[in-house]
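> One structure coming up, written as structure tokens, with questions to follow.
There are 2 protein chains.
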Amino acid sequence: MSTQTMAAEQPSRKQNGQVRQACKVAILGFGTVGSSVAKILCDSMPNVQITHVLNRNVARKRADWMPANVQWTENFDEVLASNADILIELMGGLDPAEHYVRSALAAGKSVATANKKLIGKCGPELGELARQHGCNLLFGAAVAGGVPVIDGLQHGLGGDQLHRLFGILNGTCNFILSRMSEGMPFPQALRKAQELGFAEADPTDDVEGYDARSKLVILARSGLRAEIDPAEIVCKSIVPISPVDFEYAKDLNCTIRQISRLEIVSKKLFASVQPMLVPLASPLANVQGSENIVIVSGKYGGDTVFSGHGAGGNPTAVAVVSDVLAITEGRAGDFGIHHERYVVNGDLVAPQYIRFVVQDRPGIIASIAGALAESGVNLDAVIQRPGHPKSRLTFVITVEPCPASMLANALAQIGTFDFLLEPPLNLQIMEHA
Amino acid sequence: MSTQTMAAEQPSRKQNGQVRQACKVAILGFGTVGSSVAKILCDSMPNVQITHVLNRNVARKRADWMPANVQWTENFDEVLASNADILIELMGGLDPAEHYVRSALAAGKSVATANKKLIGKCGPELGELARQHGCNLLFGAAVAGGVPVIDGLQHGLGGDQLHRLFGILNGTCNFILSRMSEGMPFPQALRKAQELGFAEADPTDDVEGYDARSKLVILARSGLRAEIDPAEIVCKSIVPISPVDFEYAKDLNCTIRQISRLEIVSKKLFASVQPMLVPLASPLANVQGSENIVIVSGKYGGDTVFSGHGAGGNPTAVAVVSDVLAITEGRAGDFGIHHERYVVNGDLVAPQYIRFVVQDRPGIIASIAGALAESGVNLDAVIQRPGHPKSRLTFVITVEPCPASMLANALAQIGTFDFLLEPPLNLQIMEHA
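Protein sequence lines correspond, in order, to chains A and B. Heads up, the working numbering is the position in the first sequence plus 7, with the first residue counted as 1. Heads up, the working numbering is the position in the second sequence plus 7, with the first residue counted as 1.
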């Protein structure tokens with residue numbers, strides 16, 4: 008082989024004698040990820056030229072390490088009218104990102120974006136727009152930051168039929184739950200995450216599961232070829248979890264993680280984002296801090312695991328730059344994927360963990376067991392750690408696999424019992440993975 | 008850049024209302040992987056049509072579940088002269104696979120192959136041939152079977168600068184070492200692997216590390232953009248390892264795995280395939296049986312992990328079919344990668360484990376420690392498990408990080424000591440990952 012020949016092709020690849028010109032990109036949104044993308048492009052992609060940076064109040068963003076000929080602007084029309092080939096959209100949210108992306112694609116400019124909300128909402132429609140105008144739309148950074156899972160599902164596992172996916176897709180929740188597993192209560196763990204910049208001032212999107220839900224819609228589409236409505240995905244908050252739940256989970260050889268899951272069984276699609284008990288032996292249990300992981304199961308290839316840094320400027324920028332390279336090198340072709348529309352079913356069958364906090368008195372277990380039996384739920388075990396006072400007794404019941412709705416019925420009845428000091432907390436227990 | 012131009016290079020992609028024609032493929036080699044590929048294509052790829060199956064003594068291969076119009080042949084010229092668009096090469100080895108692949112590419116037919124020997128030997132040259140003739144060469148199945156690592160390195164992490172890679176790339180060795188960690192001696196573990204079809208009658212390529220070495224060359228190229236000569240990669244056998252080494256490893260919170268590694272430090276490339284002590288907390292230690300794993304470290308994205316089924320008909324077939332899809336959907340474009348030629352340096356600096364079997368007598372530790380000190384090697388710990396007879400005392404010395412060559416000097420001197428009942432076994436201890 009000849010390394011000379013290969014090196015000679017760089018930086019402008021020859022195609023049938025034609026010399027490729029430097030590719031021109033505009034960056035929309037110059038925050039943490041945007042400036043990381045710019046740094047990587049400047050440092051190591053001589054064949055990519057940054058023409059514009061667009062941001063609100065762009066003057067305060069201007070960076071002296073950027074090439075002098077970059078246009079700093081607040082005016083999208085200027086970018087749209089320019090000779091930029093690719094727009095890198097890192098503004099997030101729908102307004103004005105959606106308008107910018109649609110305009111770019113309609114003008115035949117390719118787009119690389121990290122915008123999970125936008126792609127979750129109208130990815131296929133935007134993909135079709137790109138197709139019509141002979142350009143590309145890539146969004147590898149929209150899920151799991153630097154972990155190349157979108158690419159892995161679409162390219163590397165494209166030949167399989169995937170039917171199940173488990174993921175830890177929200178680094179903020181994983182950081183908080185990792186801290187809580189060491190005994191830190193939720194409010195302190197959240198504060199710590201906010202201090203370190205992992206959580207926003209309003210953490211609702213993260214802790215309630217809405218952030219992971221947007222990503223799950225994109226994974227359903229890219230991996231399971233299923234189109235689902237995010238509003239239909241069951242989300243459960245991590246807020247009611249307390250350190251005592253980690254102690255009981257440990258007795259069950261488990262820890263607690265916010266798990267995003269998808270499964271197609273007999274043409275039904277189940278999807279949820281919720282805190283679950285995860286066996287300590289599972290790779291999901293070993294994801295620490297703000298890391299992300301995705302485990303997919305295919306008809307032919309079995310289980311495949313992707314994990315790495317799910318957030319942060321540089322890892323997310325790697326995903327963006329990889330997409331830019333794929334576009335410039337002609338590898339961003341069309342995915343000939345049938346997307347089947349599914350109504351989401353949230354009624355997963357699983358064993359469950361239920362934690363009660365009660366004013367102790369005789370007959371409590373009998374009352375609870377009776378209500379469970381009446382709804383058809385089979386009790387598995389009663390676990391009580393020492394050290395809880397009778398005035399605020401905390402214990403756990405596990406039940407055999409049953410549909411979530413069946414247990415909800417039982418808990419609606421149990422919720423009326425006057426010995427309860429707070430509503431029971433129930434978490435599904437993961438069986439696979 | 009013009010995406011229109013690039014798209015136009017693809018033969019049968021649906022574009023602007025044009026209907027995509029069925030893609031025609033020929034399968035060369037109809038063993039376990041070949042028949043799995045055919046089954047997946049027949050079951051789930053209506054847009055791909057199998058035209059030919061080529062195999063020696065093809066009559067005994069004919070399968071009644073295959074479409075009736077498939078041509079079963081032993082004659083490659085017939086395949087080459089046919090209208091097949093893509094050749095799937097699953098014969099393995101260099102002869103006649105190399106001739107077939109070169110002829111196909113020169114005739115403008117794309118190739119998807121699982122042939123690690125061929126790609127390891129002349130992948131870049133064959134890629135150049137494909138480029139010249141406007142077709143594609145993909146080889147996602149050549150490393151780690153169903154784990155989409157080639158794709159992940161080239162596409163998903165294409166925007167990073169990778170500088171380190173650890174992998175478990177040989178399922179046979181991992182199966183044998185997993186069994187040995189449960190106390191089974193090497194010969195029985197090998198026999199078990201052979202009975203289950205994981206190991207060949209002659210296991211040399213697996214246990215000596217030559218199989219993993221071919222794969223490492225491909226990973227160096229795809230991930231670290233480094234061209235290296237397989238003959239320069241240090242390989243150490245797993246044969247001298249015995250169950251007692253797993254006991255001592257456990258005392259050091261480690262297990263033993265055949266680790267393939269690459270690292271670029273200050274423009275030097277280190278590469279080796281050898282059994283190593285791996286910390287139990289590492290994902291590498293948790294790879295069981297015939298699974299494969301690759302952990303890469305990038306300048307920007309940090310560590311990324313890929314794992315799954317590294318062998319077997321169906322998982323490997325998924326990788327092949329994914330490549331076929333990428334070709335038919337116009338996503339198999341060119342990788343504009345600088346391949347830099349490196350001379351492999353095998354002299355890694357690492358802490359080391361040395362196991363001695365001796366006829367006990369006073370002064371042994373003093374002699375060994377003296378020889379180590381003379382070569383500049385710092386002793387870290389002496390560990391001796393109870394239960395070994397004085398006539399065949401087995402103990403372990405660990406030493407602080409030192410170049411492999413420095414320890415080899417010391418061991419050359421130690422090897423002459425007459426209290427040794429067998430040559431000392433030394434294994435590097437993994438520090439990262």
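The beta carbon of each residue, even a glycine, is placed where N, CA and C say it ideally should be.
Is it buried or exposed, LEU203 of chain A, if we count other Cβ atoms within 10 angstroms and call 16 or more buried?
On the first sequence, position 196 is the one that residue 203 of chain A refers to. It is exposed - the Cβ of LEU203 of chain A has fewer than 16 other Cβ atoms within 10 Å.
> Kindly indicate which three-state DSSP category LYS73 of chain B falls into: helix, strand or coil?
One-based indexing of the second sequence puts residue 73 of chain B at position 66. A small fix is needed here, since residue 73 of chain B is Met in this sequence, not Lys. Coil.
> Work out the CA separation of THR211 of chain B and LEU197 of chain B for me, nearest whole Å.
Within the second sequence, numbered from 1, the residue matching residue 197 of chain B stands at position 190. Within the second sequence, numbered from 1, the residue matching residue 211 of chain B stands at position 204. Near 11 angstroms, if we compare the C-alpha coordinates of THR211 of chain B and LEU197 of chain B.
> How would you list, in chain order, the residues of chain A whose beta-carbon sits under 8 angstroms from the beta-carbon of PRO247 of chain B?
By 1-based counting over the second sequence, the position of residue 247 of chain B is 240. Those within 8 angstroms of PRO247 of chain B in chain A number zero; the least Cβ separation is about 31 angstroms.
> Return the Cβ separation of ILE334 of chain B and ALA119 of chain B in integer angstroms, given the expectation that the two are a contact with Cβ distance under 8 angstroms.
Counted from its first residue, the second sequence places residue 334 of chain B at position 327. Counted from its first residue, the second sequence places residue 119 of chain B at position 112. Contact flag correct, Cβ pair sits at about 7 angstroms.
> Can you say whether VAL441 of chain A is buried or exposed, counting buried as having 16 or more other CB atoms within 10 angstroms of its CB?
The first residue shown for chain A is 8 and the last is 440, placing residue 441 of chain A beyond what the model contains.
> CB-CB under 6 angstroms to GLN78 of chain B, same chain, minus the five flanking residues each way: which ones, in chain order?
Against the second sequence, residue 78 of chain B aligns to sequence position 71. Same-chain partners within the cutoff: HIS59.
> Rank A:GLU207, A:TYR107, A:LYS123, A:ASN122 by C-alpha distance to the C-alpha of LYS116 of chain A and give the top, closest one.
Taking the first residue of the first sequence as position 1, residue 116 of chain A is located at position 109. When only C-alpha atoms are compared, the closest one is A:TYR107.
> Does any residue of chain A bring its CB to less than 8 angstroms from the CB of PHE182 of chain B?
Along the second sequence, one-based indexing puts residue 182 of chain B at 175. It does not; no Cβ of chain A falls within 8 angstroms.
> Which term fits GLN139 of chain A, buried or exposed, when burial requires 16 or more other beta carbons within 10 angstroms of its beta carbon?
The count along the first sequence starts at 1 and reaches residue 139 of chain A at position 132. Exposed, because fewer than 16 other Cβ atoms sit within 10 Å of the Cβ of GLN139 of chain A.
> Quick one: which residues of the stretch 160-191 of chain A get their C-beta closer than 7 angstroms to a C-beta of chain B? List them in chain order.
Residues HIS162, GLY163, LEU164, GLY165, GLY166, ASP167, GLN168.
> Check whether the Cβ of ASP50 of chain A sits closer than 7 angstroms to any heavy atom of the ligand ADP, and report yes or no.
Among the components modelled here there is no ligand, and therefore nothing to report on the ligand ADP.
> By the 10 Å Cβ neighbour count, where 16 or more other Cβ atoms means buried, how is SER289 of chain B classified, buried or exposed?
As a first step, residue 289 of chain B must be located in the second sequence, where it is residue number 282. With 16 or more other Cβ atoms within 10 Å, it is buried.
> Taking its Cβ as the centre, do 16 or more other Cβ atoms sit within 10 Å of LEU379 of chain A, making it buried, or is it exposed?
Reading the first sequence from its first residue, position 372 is the one you call residue 379 of chain A. Answer is buried; the Cβ neighbour count reaches 16.
> Pull up the distance between the alpha-carbon of SER221 of chain A and that of LYS124 of chain A, whole angstroms please.
By 1-based counting over the first sequence, the position of residue 221 of chain A is 214. By 1-based counting over the first sequence, the position of residue 124 of chain A is 117. Straight-line Cα distance between these residues: approximately 6 angstroms.
> Excluding the five sequence neighbours on either side, which residues of its own chain have a C-beta within less than 6 angstroms of the C-beta of GLY353 of chain A, listed in chain order?
Indexing the first sequence from 1 puts residue 353 of chain A at position 346. Cβ within range, chain order: VAL241, SER279.
> Taking PRO250 of chain A as part of the alpha helix (DSSP H), name the residues at either end of that continuous run.
What you label residue 250 of chain A is simply residue 243 of the first sequence in a count that begins at 1. Looking at the DSSP string, the run of the alpha helix (DSSP H) that includes PRO250 of chain A is 250-258.
> Excluding five sequence neighbours on each side, which residues of the same chain lie with their C-beta closer than 8 angstroms to the C-beta of ILE436 of chain B?
Indexing the second sequence from 1 puts residue 436 of chain B at position 429. Here the set comprises LEU259, CYS261, MET283, LEU284, ALA357, PRO358, GLN359, TYR360, THR405.
> Indicate the three-state DSSP secondary structure (helix, strand or coil) for ASN416 of chain A in the structure shown.
For the purposes of this step, residue 416 of chain A is taken as residue 409 along the first sequence, with counting starting at 1. If DSSP states are grouped into helix, strand and coil, ASN416 of chain A belongs with the helices.
> Just to confirm my understanding: we take GLU407 of chain B, look at its own chain, exclude 5 residues before and 5 after, and list those with CB closer than 8 angstroms. What are they?
The residue you call residue 407 of chain B lines up with position 400 of the second sequence. Same-chain partners within the cutoff: PRO358, VAL384, ASN385, LEU386, ASP387.
> If you reduce the DSSP assignment to three classes, tell me which class MET283 of chain B lands in.
Taking the second sequence and counting its residues from 1, the one referred to as residue 283 of chain B is at position 276. In the structure shown, MET283 of chain B sits in a strand (DSSP, three-state: E or B).
> Going by C-alpha to C-alpha distance, which of B:GLY99, B:GLY127, B:VAL44 sits closest to ALA227 of chain B?
Locating residue 227 of chain B in the second sequence gives position 220, where the first residue counts as 1. Comparing Cα positions, the closest option is B:GLY127.
> Within the 8 angstroms Cβ cut-off, does PRO155 of chain B reach chain A?
Position 148 of the second sequence, counting from 1, holds the residue named residue 155 of chain B. With 8 angstroms as the cut-off, PRO155 of chain B counts as an interface residue toward chain A.
> Should LYS275 of chain B go down as buried or exposed, given a rule of 16 or more other Cβ atoms within 10 Å for buried?
Counting from one through the second sequence, the residue named residue 275 of chain B turns up at place 268. Result: exposed.
> Contact defined as beta carbons within less than 8 angstroms: I believe ASN177 of chain A pairs with ASP209 of chain A. What is the distance between those atoms, to the nearest angstrom?
Counting from 1 along the first sequence, the entry for residue 177 of chain A is found at position 170. Counting from 1 along the first sequence, the entry for residue 209 of chain A is found at position 202. Between ASP209 of chain A and ASN177 of chain A the Cβ distance is about 15 angstroms, and since that is not below 8 angstroms, they are no contact.
> Give the DSSP bridge partners of THR401 of chain A, in chain order.
For the purposes of this step, residue 401 of chain A is taken as the residue at position 394 of the first sequence. Answer is A:VAL364, bridged to THR401 of chain A.
> Candidates B:GLY38, B:ILE263, B:ALA339: which alpha carbon is nearest ASN143 of chain B's?
What you label residue 143 of chain B is simply residue 136 of the second sequence in a count that begins at 1. Ranking the options by Cα distance to ASN143 of chain B, first place goes to B:ALA339.
> Check for me: the alpha helix (DSSP H) holding LYS124 of chain B runs from which residue to which?
In the second sequence, the residue the question calls residue 124 of chain B occupies position 117. Per DSSP, LYS124 of chain B belongs to the alpha helix (DSSP H) from 123-139.
> If the cut-off is 7 angstroms on Cβ atoms, which residues from the stretch 309-324 of chain A count as contacting chain B, listed in chain order?
Going along the stretch 309-324 of chain A in chain order, one finds GLY309, ASP310, THR311, VAL312, PHE313, SER314, GLY315, HIS316, ASN321, PRO322, ALA324 with a Cβ nearer than 7 angstroms to chain B.
> Around the C-beta of ASN1 of chain A, are 16 or more other C-beta atoms found within 10 angstroms, so that it is buried, or is it exposed?
Absent from the model: residue 1 of chain A. The displayed extent of chain A is 8 to 440, so no value can be given.
> Would you say ASP158 of chain B faces chain A, with C-beta separation under 8 angstroms as the test?
In the second sequence, counting from the first residue as 1, residue 158 of chain B sits at position 151. Output row for ASP158 of chain B: interface = yes.
> TYR217 of chain A CB to nearest chain B CB: under 8 angstroms?
Numbered from 1 along the first sequence, position 210 holds the residue referred to as residue 217 of chain A. With 8 angstroms as the cut-off, TYR217 of chain A does not count as an interface residue toward chain B.
> Using a C-beta cutoff of 8 angstroms, does GLY340 of chain B count as contacting chain A?
Along the second sequence, read from residue 1 onward, the residue named residue 340 of chain B stands at position 333. Judged by the 8 angstroms Cβ criterion, GLY340 of chain B is in contact with chain A.
> Go ahead and pull the three-state DSSP assignment for LEU176 of chain A.
As a first step, residue 176 of chain A must be located in the first sequence, where it is residue number 169. Here LEU176 of chain A sits in coil by DSSP.
> Taking DSSP as the reference, what is the three-state secondary structure of MET8 of chain A?
In the first sequence, counting from the first residue as 1, residue 8 of chain A sits at position 1. For MET8 of chain A, the pLDDT reaches just 35, beneath the cut-off of 50, and the residue's location in the model is therefore unreliable, although a value from the coordinates is still provided. Reduced to three states, the DSSP call for MET8 of chain A is coil.
> With H, G and I counted as helix, E and B as strand and the rest as coil, what does DSSP make of ASN54 of chain B?
If you number the second sequence from 1, residue 54 of chain B lands on position 47. Here ASN54 of chain B sits in coil by DSSP.
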